[in-house]
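Protein chains: 2
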Amino acid sequence: MTTVDLMDRRDHLLGAGAPIFYETPVNIVRGQGVWLYDDTGRRYLDMYNNVPCVGHCHPHVVEAMYSQSQTLNVHSRYLNEDVLDYAERLANLHADPLTSVVFTCTGTEANEVALAIARAVTGGHGFICSDAAYHGNSAEVSKFTRVSQQAEEEKASEIRAFPFPQGYRSLHDGVSDEELTELYLAEVERAIHGLRSDGIRLAGMLVCSIFANEGLPSIPREFMPRAAEIVRDAGGLVIADEVQAGFCRTGDWWGYETTGFVPDIVTMGKPMGNGMPVAGAAASSELVDEFRRKKRYFNTFAASPLQAAAGMAVIDVIEKEGLASTVDKTGIYLRGELRKLQVGCEPMADIRGHGLFIGMEWVQDRDSKRPDADGASAVVNRLREKGFLIGSAGPLGNILKIRPPLVFKQEHAELFLTAFEECIGQTHYA
Amino acid sequence: MTTVDLMDRRDHLLGAGAPIFYETPVNIVRGQGVWLYDDTGRRYLDMYNNVPCVGHCHPHVVEAMYSQSQTLNVHSRYLNEDVLDYAERLANLHADPLTSVVFTCTGTEANEVALAIARAVTGGHGFICSDAAYHGNSAEVSKFTRVSQQAEEEKASEIRAFPFPQGYRSLHDGVSDEELTELYLAEVERAIHGLRSDGIRLAGMLVCSIFANEGLPSIPREFMPRAAEIVRDAGGLVIADEVQAGFCRTGDWWGYETTGFVPDIVTMGKPMGNGMPVAGAAASSELVDEFRRKKRYFNTFAASPLQAAAGMAVIDVIEKEGLASTVDKTGIYLRGELRKLQVGCEPMADIRGHGLFIGMEWVQDRDSKRPDADGASAVVNRLREKGFLIGSAGPLGNILKIRPPLVFKQEHAELFLTAFEECIGQTHYA
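Chains as they are written, first to last, in our numbering: chain L, 1 to 430; chain A, 1001 to 1430.
So this is what it looks like as structure tokens:
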């Protein structure tokens, strides 16, 4: 079937407008490690990744799931030790206070649980978030989506946004990191004050630990721990969305380690089961107990032995293959080499990120910093033609999002850099 | 580890109060077909089931998932034919207008999508539902949970409940089926009118096609098609929640066939992937297209090749093993035999249901029909001691819910009937 025929069929069966990547979509039939293969046998280097963090079809994860699905997969209202072992192992990877886990199937559901915990425990209903956030697709969680850009009537008065912290397009040019921290913290306080003056009690703050959808900005160093302090002083809980940031993508186990704070509640998802739907919220057992007392929460497919098997296998691989350190090393190499290419390429502006999660501003010129979303999109599509899959992100759509799996190595980075250099050597970007 | 130690560990890791079955919880370590096995090797006949509809660890489903997870499991923003084949196969099982599918991971998410479709298409925001409903655990969907029993301040003004239709504890005793239909339909109209008089435009009706959580009542025969008509005449869409009712549990493919109506939107979940998290909403392509135009909806783990493989394998098994007809036959046998036991057992009142989804009212005495939730709970716990797993349900907690997997056969029914007879032969029920 041709791509056009397949797209027609897809429009009919999944709805016209179901999200798809690239001007010419890729028909993927097979995956292995860092590679995806289309129906003609052509290979693509997966640098969008997102979910299968230890590589496509990793045999250890595949075999663990196979073995478990032959043995038992049942809901969590019977006792089962496997899921307890998995919860314990997850808790041991987290900062001290986070000892209990409420499992769900998706990151959206994990954020639903986190909001419910914060509301149940604080008695408040209001939240603050960043003004370019995305935390999921349910009615409640999607209220956090780019709050500042929503039509007035859709604005949820219980949710207030602050400008996300960033160094490149910052609130004020030419100030020190310390001064910038104060400026952004004042915005956090303003958002909390806005709730208070409307009589809405604060339940907490929900943010991605590394502001991934915001475009992986360079955050003033003291911002996150101080913002967390402000939220707690105002009676709220701090929720770190680790759905994209977690599981060593930044070279640390968790994004909150990278940006230097300890959350009250953490939500996890995407890479957690390498493609098996597993997600969850972790918190102290005091918080989770209080949530359980006040809310009856049950999730049919969650906390299952199959989730536990897939999740355990992912942790096994990250630990056994020492991926945290290779991610860190490969990320440093890749950012360094990309910076070398900036010399000959005006649109390549701020290159940033952590580990194997890299953001690059694409601009019309570096003096004006004028964002070039069309140019970024052209690069993404040109790379796809060359067999490299990356994405774009950020509120202005001009940030190249480079996020290969954790098993991506320097040899893969070299292939990418060659292709990228060819791309930017072409005269027209848009 | 003893049950007490395991429960302590569970309380700590998953939160004290995480839902669990039975006074003495069962530590399940293995499943095969209709059987679950505990850590001592003792077997239990799974008559709660709910999810693994073609039996625990069915080899065809296990192998299909294994083969797929070795080949590819990736998000849906690339083209992939497997998920289109699965969507087409599902659509072919549904009534004519339902030709498109929006995949999700859980029934809750499927209901989120259905509500969003109805709101996007009608422009309305109000819904009607039954007064003993449960449709999921998210903030939005849990607004439908037993609306009539919620505290006044929690009542969502956009959601209005009508008394669910039932023959046993009906609105009016001693009237004909036709008269009862009219009485219940008047309540549906009253709920719609309530929204209208508060200036809330109707988006639709969300109901389980067989009112499973309501206790599987006997529904006046013309109620469902006429209620659907009333909703459509008032400008709303009819959403059938098939999360429990679907996939041949009633002996028909869908609960809406059993209760005789055609919905505008159908939501599916639990049995869909035999334990793999797969769910979705089906509707006409016109409705889904309009939803896609108005809302950006993406679900990371959904519409994946692994979901498609598990889902396809479940349909294969149901078709190849001819389960629709054995479910119907075994259900008739089981209800018939249970009715014979009523003679010597006062608490066994109304026995009803469809296929292998049976509800039984447990009462203090049949004249007063006074519900006996404690007695029902005692029977459930006593059966667990004998190695048979059933549940209880209904707004009064007094309805025994008997729902074995579709592969449950007459030989299993006979084992259960013997045990059940022994249970009710014991003098004290509570």
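Even for Gly, the Cβ is constructed at its ideal location relative to N, Cα and C.
>> With a threshold of 8 Å between beta-carbons, can Tyr184 (chain L) be considered close to chain A, or not?
In response: no
> So Gly1138 (chain A) and Ser142 (chain L) are in contact, right, with Cβ under 8 Å, and what is the actual spacing, rounded?
Replying inline: It should be noted that the sequence gives Ser, not Gly, for residue 1138 (chain A). Contact doesn't hold; Cβ gap of about 11 Å is too wide.
> Just checking, does the stretch 1099-1113 of chain A make contact with the stretch 1273-1291 of chain A on the three C-beta pairs under 8 Å criterion?
Replying inline: yes
> From Gly1353 (chain A) to Arg1232 (chain A), what does the alpha carbon distance come to, in whole angstroms?
Replying inline: 27 Å
> At least one CB of chain A closer than 8 Å to the CB of Asn92 (chain L): is that the case?
Replying inline: no
> Is the Cβ of Leu396 (chain L) closer than 8 Å to any Cβ of chain A?
Replying inline: no
> Just by C-beta distance, which residues in the stretch 64-84 of chain L are closer than 9 Å to chain A?
Replying inline: Met65, Tyr66, Ser69, Gln70, Thr71, Leu72, Asn73, Val74, His75, Ser76, Arg77, Tyr78, Leu79, Asn80, Glu81, Asp82, Val83, Leu84
> Is the stretch 83-98 of chain L touching the stretch 165-179 of chain L, taking contact as three or more C-beta pairs under 8 Å?
Replying inline: no
>> Once the 5 residues before and after Glu1153 (chain A) are set aside, which same chain residues still bring their CB inside 6 Å of it?
In response: Unreliable placement is indicated for Glu1153 (chain A), whose pLDDT of 42 sits below 50; the coordinate value is still reported in the next sentence. Nothing listed; no residue qualifies.
>> I'd like the span of the beta strand (DSSP E) that includes Phe103 (chain L), first residue to last.
In response: 100-104
>> Let me confirm a value: Gly1336 (chain A) is counted as buried when at least 16 other C-beta atoms fall within 10 Å, else exposed. Which label applies?
In response: exposed
>> Please list, in chain order, the chain A residues whose beta carbon lies closer than 8 Å to that of Gly15 (chain L).
In response: Ser1100, Val1102, Ser1285, Val1288, Asp1289, Phe1291, Arg1292
> How many Å lie between Thr99 (chain L) and Ala1016 (chain A) at the Cα?
Replying inline: 13 Å
> CB-CB under 6 Å to Arg1160 (chain A), same chain, minus the five flanking residues each way: which ones, in chain order?
Replying inline: Ile1128, Ala1191, Gly1194, Leu1195
>> Please tell me whether Thr1300 (chain A) has its Cβ less than 8 Å away from any Cβ of chain L.
In response: yes
> Is the Cβ-Cβ distance between Gly31 (chain L) and Cys57 (chain L) less than 8 Å?
Replying inline: yes
>> Residues of chain A with CB closer than 7 Å to the CB of Lys270 (chain L), please, in chain order.
In response: Thr1300
> Within 8 Å (strictly less), CB to CB, does Arg1043 (chain A) reach chain L?
Replying inline: no
>> So within the stretch 223-309 of chain L, which uninterrupted alpha helix (DSSP H) runs reach at least 4 residues, ignoring any that extend past its ends?
In response: 223-233, 255-258, 285-294
> To the nearest angstrom, how far is it from the Cα of Arg226 (chain L) to the Cα of Phe211 (chain L)?
Replying inline: 16 Å
> Listing by chain order, which chain A residues have their CB less than 7 Å from the CB of Arg9 (chain L)?
Replying inline: Leu1084
> Got a sec, what are the start and stop residues for the beta strand (DSSP E) Cys53 (chain L) sits in?
Replying inline: Careful: Cys53 (chain L) lies outside any beta strand (DSSP E) and carries neither H nor E.
> Excluding five sequence neighbours on each side, which residues of the same chain lie with their C-beta closer than 7 Å to the C-beta of Ser1218 (chain A)?
Replying inline: Gln1166, Gly1167, Tyr1168, Arg1352
> Hey, does Gln1031 (chain A) have any beta-carbon neighbour from chain L nearer than 8 Å?
Replying inline: Per the sequence presented here, residue 1031 (chain A) reads as Gly, with Gln not at that position. Chain L, which has a Cβ nearer than 8 Å to the Cβ of Gly1031 (chain A), makes this yes.
> From Ala1430 (chain A) to Ala1373 (chain A), what distance separates their C-alpha atoms?
Replying inline: Per-residue confidence for Ala1430 (chain A) stands at a pLDDT of 42, beneath the threshold of 50, marking its modelled position as unreliable; the derived number appears in the next sentence. So the alpha carbons of these two residues sit roughly 9 Å apart.
>> Could you check whether the Cβ of Leu36 (chain L) sits closer than 8 Å to any Cβ belonging to chain A?
In response: yes
>> For chain L, check one thing: does any of its Cβ atoms lie closer than 8 Å to the Cβ of His1056 (chain A)?
In response: yes
> Is Ile1318 (chain A) near Ala1310 (chain A), with beta carbons less than 8 Å apart?
Replying inline: no
> What in chain A is Cβ-close to Tyr297 (chain L), meaning under 7 Å?
Replying inline: Asn1137
> Grouping DSSP H, G and I as helix and E and B as strand, with all else coil, what is Ile1192 (chain A)?
Replying inline: helix
>> List, in chain order, every chain L residue whose beta-carbon is nearer than 7 Å to that of Leu1306 (chain A).
In response: Gly275
> Among A:Leu1383, A:Leu1396, A:Leu1334, which one has its Cα closest to the Cα of Trp1362 (chain A)?
Replying inline: A:Leu1396
> Got a sec: which bits of the stretch 1105-1134 of chain A sit with their beta carbon under 8 Å from any beta carbon on chain L, in order along the chain?
Replying inline: Cys1105, Thr1106, Gly1107, Thr1108, Glu1109, Glu1112, Leu1115, Ala1116
> What are the boundary residues of the alpha helix (DSSP H) that Arg119 (chain L) is part of?
Replying inline: 107-122
> Assuming Thr258 (chain L) contacts Pro220 (chain L) under a Cβ cut-off of 8 Å, what Cβ separation, rounded to an integer in Å, is found between them?
Replying inline: That belief does not hold up - the Cβ atoms of Thr258 (chain L) and Pro220 (chain L) are roughly 14 Å apart, past 8 Å.
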